[in-house]
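Below you'll find the structure, written out as structure tokens, and then a few comments.
Residue numbers (UniProt numbering): 1 to 122.
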């Protein structure tokens, strides 16, 4: 129940997960994972299907997890704004091959990444 409270889901504790709003469902999935006290939290496209407000809330949630729970997070995500906001180190794959690695600032200026993912030329 404590995790539900921390992540503002305690008022919905008696609500079936299928009846929660989509953003709340995604938050609940993360809370369930945290309940297992992982050393690494794997998040596979957590922003998929979220609207901009839900994505902003998710961004803050991921920051909070990093700051308060002191666990590593492995993030697979196509929302580059989210990735740039919450990561310290990024590994970029294209068709399953590593094309770049570095800090968000390094990745933002990497010609190969720009061509492959950020939509343009360096």
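From the three backbone atoms N, C-alpha and C, an ideal C-beta is built for every residue, glycine too.
Asked	Found
For residue 94, which of helix, strand or coil comes out of DSSP?	strand
Going by Cα to Cα distance, which pick from 82, 115 and 107 is closest to residue 90?	107
State buried or exposed for residue 52, treating a residue as buried only when at least 16 other CB atoms are found within 10 Å of its CB.	exposed
How many angstroms separate the CA atom of residue 111 from the CA atom of residue 81?	17 Å
Could you tell me the alpha carbon to alpha carbon distance between residue 109 and residue 75, rounded to whole angstroms?	20 Å
Counting beta carbon pairs with one atom in the stretch 20-35 and one in the stretch 53-64, are three or more of them shorter than 8 Å?	yes
By Cβ distance, which residues of its chain are closer than 6 Å to residue 101, with the 5 residues on each side in sequence left out?	91
Of the choices 49, 35, 78 and 1, whose alpha-carbon is the least far from that of residue 71?	35
Is residue 15 buried or exposed, if buried means 16 or more other CB atoms sit within 10 Å of its CB?	exposed
Which class does residue 58 belong to by DSSP, given the choice of helix, strand or coil?	helix
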